[in-house]
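Working notes for the structure below.
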Amino acid sequence: MTVMTAATIEDFLDEVFPQRIGTIEAVDHMRATMSLAIDDEHLRPGASVSGPTLMGLADVCLYVAILAQIGPEPMAVTSDLHCRFLRRPRGDRDIIATARILKLGRRLAVGEVQLFSAGDEAPVALVTATYALPDSE
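Residue numbers (the working numbering): 1 to 137.
In structure tokens form, the structure reads like this:
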């Protein structure tokens, strides 16, 4: 069960993190899905989506999954992020990110995000990340 919907998370992020990238497609128990419409600003030479774009979308997607579970918390922050680039992300397709929380504790949340070029079954990148959660007291 989630404590925030996709719409309430979008509103919250508009207020506290307006520079984020991507659009929330869905949130569910311990999961979130986002998409990013690729533009020239997201491309590197060779018409591939850039690594920073992929990592940024993955980071936000995991944050969205966490917010859906813990509620509006602006001070939940990334403490570790590791990205494995698996194949060329196509510059002519949107990027889809699917986040899954592996562990949600009192002080840390750990998750993984798979990123895909829209329409492809094989992921272009796999991100694992940890979020530090503020004390709830």
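All C-beta atoms in this analysis are idealised placements derived from N, C-alpha and C, irrespective of residue type, glycine included. Predicted, not measured: the structure shown is a model, and the values here were computed from it.
Checklist entry - Beta carbon of ILE24, beta carbon of GLY56: below 8 Å? => result In the sequence shown, the residue the question calls residue 24 occupies position 24. In the sequence shown, the residue the question calls residue 56 occupies position 56. No, the Cβ-Cβ distance between ILE24 and GLY56 is not below 8 Å.
Next on the checklist: So, at 7 Å on beta carbons, what are the nonlocal neighbours of LEU81 in its own chain, with the 5 sequence-adjacent residues on each side left out?
Outcome noted: Residue 81 sits at position 81 when you count from the first residue of the sequence shown. Around LEU81: MET55, ASP59, VAL127 and ALA129.
Checklist entry - What first and last residue would you give for the alpha helix (DSSP H) that runs through THR53? => result Along the sequence shown, one-based indexing puts residue 53 at 53. 51-70 is the span of the alpha helix (DSSP H), which, as asked, contains THR53.
Checklist entry - Which whole runs of the alpha helix (DSSP H) in the region 104-128 are 4 residues long or more, in chain order? => result none
Item to check | Three-state secondary structure (DSSP) of GLU73 | outcome: Residue 73 sits at position 73 when you count from the first residue of the sequence shown. For GLU73, the secondary structure class from DSSP, reduced to helix, strand or coil, is coil.
Checklist entry - Where does GLY13 sit, in a helix, a strand or coil, going by DSSP? => result As a first step, residue 13 must be located in the sequence shown, where it is residue number 13. One point to set straight first is that residue 13 is Leu, not Gly, in the sequence displayed. If DSSP states are grouped into helix, strand and coil, LEU13 belongs with the helices.
Checklist entry - Going by beta carbon distance, what residues of the same chain come within less than 6 Å of LEU102, once the five residues before and after it are set aside? => result Reading the sequence shown from its first residue, position 102 is the one you call residue 102. VAL110 and GLY111.
Checklist entry - Among ILE70, CYS61, VAL64 and ALA97, which residue has its Cα nearest to the Cα of LEU104? => result Taking the first residue of the sequence shown as position 1, residue 104 is located at position 104. When only C-alpha atoms are compared, the closest one is ILE70.
Checklist entry - For the candidate residues ALA47, ASP40, ASP28 and ILE66, whose alpha-carbon lies nearest to that of LEU13? => result As a first step, residue 13 is located in the sequence shown; it is residue number 13 there, counting from the start. Minimum Cα distance to LEU13 is reached at ILE66.
Checklist entry - Quick one: what does DSSP say HIS42 is sitting in, helix, strand or coil? => result Counted from its first residue, the sequence shown places residue 42 at position 42. DSSP places HIS42 in helix when its eight states are reduced to three.
Checklist entry - DSSP beta-bridge partners for ARG100? => result Here residue 100 corresponds to residue number 100 of the sequence shown, with the count starting at 1. Looking at the DSSP assignment, ARG100 forms a beta bridge with ARG31 and GLU112.
Checklist entry - How about LEU86 and PRO123: do their beta carbons lie closer than 8 Å? => result To locate residue 86, count along the sequence shown from 1; it is residue 86. To locate residue 123, count along the sequence shown from 1; it is residue 123. Result yes, Cβ atoms of LEU86 and PRO123 sit closer than 8 Å.
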